[in-house]
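Asks:
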Amino acid sequence: PKGHILIDAIDLEEAAARQAAENFAASPWNVRLNCIQGDARTYAFHDKYDLIICNPPFFKDSLLGDDKKRNQARHSIHFSLDDLMNIITANLHNDGYVSVLLPVAEQADWARLLYSNGYYMSRLNIQPHTNKPANRVITLSSKKDLSIQSTDLPIRDTAGGYSREFGLLLQPYYLNI
-12 PKGHILIDAI
-2 DLEEAAARQA
8 AENFAASPWN
18 VRLNCIQGDA
28 RTYAFHDKYD
38 LIICNPPFFK
48 DSLLGDDKKR
58 NQARHSIHFS
68 LDDLMNIITA
78 NLHNDGYVSV
88 LLPVAEQADW
98 ARLLYSNGYY
108 MSRLNIQPHT
118 NKPANRVITL
128 SSKKDLSIQS
138 TDLPIRDTAG
148 GYSREFGLLL
158 QPYYLNI
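So the sequence shown is numbered by this note's numbering: it starts at -12 and just counts up by one.
1. Looking at Leu167: is its Cβ nearer than 7 Å to the Cβ of Ile125?
2. So that I know if they touch, is there some Cβ in chain B lying closer than 7 Å to that of Arg123?
3. I'd like the list of long-range same chain contacts for Thr145, defined as Cβ closer than 7 Å, with 5 residues on each side in sequence excluded.
4. Quick check on Glu93: buried or exposed, where buried means 16 or more other Cβ atoms within 10 Å of its Cβ?
5. Exposed or buried, which one is Leu68 when buried takes at least 16 other CB atoms within 10 Å?
6. Count the other CB atoms, across all protein chains shown, that sit within 10 Å of the CB of Pro178; report buried if there are 16 or more and exposed otherwise.
7. Residue range of the alpha helix (DSSP H) that Leu101 falls in?
8. For the alpha helix (DSSP H) that contains Asn112, what are its first and last residues?
Printed below as a string of structure tokens:
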């Protein structure tokens, strides 16, 4: 429907897609949510998107565990940042946005790939604690110039509780914050 947000989610792993579909069905916005079980690299999407959000496999060249499905979900063995850029190029409107969550080490490679493809980027640097460096980065990228370049978000404060910034941002989603 015009003026309403419609969301497609895709997951390669069958059980994860099934769980997402069950969660979608229980949502009050279920008519706006569609879960696809498939490979985003080969899936024939019907439309271009205004926004693509991705939490890709995090780890590159790191120690694998015994669980093959967990390794597939967490390690970039079968899904690279180049794969992600190809998906974005094929499926994002020219004036659309893409948001990606990555560890700091992998973020540098992602930033180079974005810039080489004509994207601007703003960063939200996620710090586990106010006195520790960021360990994760959420980027928002577009081919349009973005006014905010970088912002830090500490999760915990010096006393060990949630930081004020984290609390303000996520209070609507947490019961005890």
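Note that beta-carbon positions come from the ideal geometry of N, C-alpha and C, so glycine has one too.
Replies: In short, the structure shows the following:
1. The requested residue 167 does not occur in the structure, where the chain is confined to residues -12 to 164.
2. Protein chains in the displayed structure number just one, and chain B is not present.
3. The residue given as residue 145 occupies position 158 in the sequence shown. Result list for Thr145: Thr117, Asn118, in chain order.
4. Counted from its first residue, the sequence shown places residue 93 at position 106. So Glu93 ends up on the buried side.
5. Taking the first residue of the sequence shown as 1, we reach residue 68 at position 81. Classification for Leu68: buried.
6. This structure does not reach residue 178, given that the chain is present from -12 up to 164, and the question cannot be answered.
7. As a position in the sequence shown, residue 101 is number 114, starting the count at 1. Per DSSP, Leu101 belongs to the alpha helix (DSSP H) from 91 to 103.
8. Taking the first residue of the sequence shown as 1, we reach residue 112 at position 125. Run containing Asn112: none in the alpha helix (DSSP H); it sits in the beta strand (DSSP E), 107 to 116.
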